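Protein chains in written order, with the working numbering: chain A, 9 to 339; chain B, 132 to 611.
Glycine is no exception: its CB is placed at the ideal position from the N, C-alpha and C atoms.
The structure presented is a predicted model; accordingly, all values stated were derived computationally and were not measured.
Inspection log for the structure reproduced underneath, given as structure tokens.
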């Protein structure tokens, strides 16, 4: 039996979109937990609230946040991201959308996946003010990370790897690529001016790498210490690092190519062309060049292109109307 | 107390108990089951029951209750003590259900073609042609295999003498079959020791059989037809079941927006473009199926679907316009309908039913209101019905006025003392009233899922088993 014997089944376009969104929202919860955790650590001795402001700015949430909060302190920001169901970028909203996507897909995902999402949803919904005290936030972040990691593991072990899985995986990699650029952006500008004095900043580098789950691997690669180009290169380009932009793009490439060759989805073409451009831009420059030309601008460009890539997939493969999808992607 | 067996102190009194079966010949399997229940400490049953409830919630096996402006996700309470049907009883039920489904299909074909049964005066013409569910689009159209009711759920009760009676035919889009299978899985998860070595008929075949029937009715000449399940979407109260059936059949679960009629054929929107669809098992009411044919404001359906169906490009199950056959007023004629088409007596009797549209029926109902059950013909789910013996004077007076204002909307039936089954309640194991909804699938032939959905009225004395009215369900064991 050749492997093409298993690829005759059709996938409803709308379901492909739900699979992609399911993965994005679940990843988003893990990444938000990482960002909150690292910002909290950075902000420990910082009375200027600079770290909280930068977190809000990176997520594009400053306006929405200040519409209902006077100051960006630890409690307000934690409430905004962990408890506020009206905030579309909170974990409450993310798990609600994720569960809704999973409900739509329930005939396609495994029972174990559905069960875990459903229970995880209940756990997040049950969070209260008491859980997000300054001492409690780390525990909540750990719970969130673990919940998503369980989801990821169950998915790896039980999700049938047909078309639907490829769309799911594309959602994961788009979100990871997007989130790593945000994580770098949150901290990198803050670190850059002082970066010459490596000894002073060791702790902060430390936290940044830990937030990305890359600390020990980085130490092994660069035992001598921290240099901004090396940290940026590690997070952006190192395809051995699971959350690097480079690896996510390479994975995306594989999924899109497989969907086109094995499932004959012609709608992959625009997304593949855009991905090609993204990958070349990463490959054609050294990190030093990127830093010299402006890291922040480069990260912004990547985020915009990833958003456009998402839209290419949604509109050309998942049946989403062009205008509506753009609106949703921006929210 | 906590160490008492499940049946200690259980007393169904004069009611017919489906577990103890007083006066019936002994059965080895039942005796063994009684013994196991007797040995099972009630505390253990309670613990397992709590496990089962948490499991249902975690699995999201829920339905949605709508009242006024709110919608709440609830689990259908599951009572662990099974309802048992012997091989002999099942033979009666299975042949009775099959007979009824045959008659329903012949009746529908007749009333949408020559109308012989109306010409012969067996069923009043007005009752059929004037019925809100009578569908003009069906006239002179013959669906494949002449099958209209592909999935039928027939509600059956048992009276205090142990006689089975049909309460209602559900020929539109009957639901509940997912619970039959999930309840069995739950029993095997938390109470498998009760079933060990007992020969109980499996319920796992349903999805295969349904898919097979859907393939049989597909338009001719297609070797491997594409079947889809059409659902109103994730906010529908039966969505869990739609998911279940799509999975069990291995077919796409679609909404109206995923389908399109183009060039006379029906297509689904896939990642690779449009792909042909041959059979639609729809869980959407007639009214919403096609804005061209029915409600023009429906966003849930597929424009042009009915036309494509009539042209034979696609098959739809159940057919539209089947509601005229499960109407509560037509129900009263079912024994005569069976005799007319099949030349046989009904294997399963009706409950003695009076139509308030007829003056004698109305007069009798008004005079005996306190001892009757009165149902609106157009409602389902146990809404708007009166149980005379349980109603207060004020309620009776109020209902009398409603009845007089619109008599044609009501039928009345004597109150049947439904059979009971031991059921775990807050104050121990008590007798609670139950009914049964077997599910019949018809493509070329009819197949009945062994058992069916047993619903149980959890409140003491209550006769209303509907899930929307505080009912629960039980696993239904058909013994071999």
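For residue 162 of chain A, same chain residues with a beta-carbon under 6 Å away, outside a window of 5 residues either side, are 120, 121 and 124 in chain order. When the beta-carbon positions are compared, residue 255 of chain A and residue 247 of chain A come within less than 8 Å of each other.
The Cβ-Cβ distance between residue 321 of chain B and residue 179 of chain B falls below 8 Å. Against residue 384 of chain B, the close residues of chain A are 115, in the order they occur along the chain (beta-carbon pairs closer than 7 Å).
Under the three-state reduction of DSSP, residue 154 of chain A is assigned to helix. Inter-residue distance for residue 537 of chain B and residue 529 of chain B is about 13 Å (C-alpha atoms, whole angstroms). No residue range can be given for residue 170 of chain A, since it is assigned to no alpha helix (DSSP H) and is classified by DSSP as neither H nor E. By the beta-carbon neighbour count (other beta carbons within 10 angstroms, threshold 16), residue 582 of chain B is buried. Nearest neighbour of residue 450 of chain B by Cα position, chosen from B/224, B/324 and B/264, turns out to be B/264. In the DSSP assignment, residue 308 of chain B falls within the unbroken alpha helix (DSSP H) covering 308-321. Collapsing the DSSP output to three states places residue 304 of chain B in coil.
In this structure, the straight-line span from the alpha carbon of residue 522 of chain B to that of residue 107 of chain A is close to 44 Å.
Counted as a single uninterrupted DSSP element, the alpha helix (DSSP H) harbouring residue 380 of chain B occupies residues 370-380. Bounds of the alpha helix (DSSP H) holding residue 223 of chain A are 223-229. Straight-line spacing of the CA atoms in residue 165 of chain A and residue 220 of chain A works out to 23 Å.
In the DSSP assignment, residue 483 of chain B falls outside any alpha helix (DSSP H), carrying neither H nor E. For residue 365 of chain B, DSSP records no beta bridge to any residue. When rounded, the separation of the alpha-carbon atoms in residue 92 of chain A and residue 47 of chain A is 19 Å.
Around residue 189 of chain B, the beta-carbon contacts reaching into chain A at under 7 Å are 123, 126 and 127. Contact of residue 378 of chain B with chain A by beta-carbon distance below 7 Å involves 115. Per DSSP, the continuous alpha helix (DSSP H) segment holding residue 462 of chain B begins and ends at 459-462. Under the 8 Å criterion on CB atoms, residue 28 of chain A is classed as non-interfacial with respect to chain B. In the DSSP secondary-structure assignment, residue 413 of chain B is bridged to B/361. When 8 Å is used as the limit between beta carbons, residue 171 of chain A is near these residues of chain B: 402, in chain order.
Residue 19 of chain A reaches chain B at 401 and 402, counting residues in chain order whose Cβ is nearer than 7 Å. Under a criterion of Cβ atoms nearer than 7 Å, no residue of chain A is adjacent to residue 353 of chain B; the nearest Cβ is some 15 Å distant. 8 Å or more divides the Cβ of residue 280 of chain B from the Cβ of residue 319 of chain B. Runs of the beta strand (DSSP E) lying entirely within the region 495-559 of chain B, each at least 3 residues long, are 503-507, 541-545 and 551-556 in chain order. For residue 605 of chain B, the closest C-alpha among the options B/559, B/232 and B/307 is that of B/307. Non-local beta-carbon contacts of residue 171 of chain A in its own chain, meaning distances under 6 Å to residues more than five positions away in sequence, involve 19 and 271 in chain order. Neighbourhood of residue 206 of chain B in chain A, by CB distance below 7 Å: empty, with the nearest CB roughly 12 Å away.
With respect to residue 85 of chain A, residue 60 of chain A sits close: the two C-beta atoms are nearer than 8 Å. Looking at the DSSP output, residue 401 of chain B shares a beta bridge with A/20 and B/404.
Closer than 8 Å to the CB of residue 349 of chain B there is not a single CB belonging to chain A. Under the Cβ criterion (8 Å, minimum of three pairs), the region 405-413 of chain B counts as touching the region 333-352 of chain B. C-alpha of residue 283 of chain B to C-alpha of residue 64 of chain A: approximately 56 Å in a straight line.
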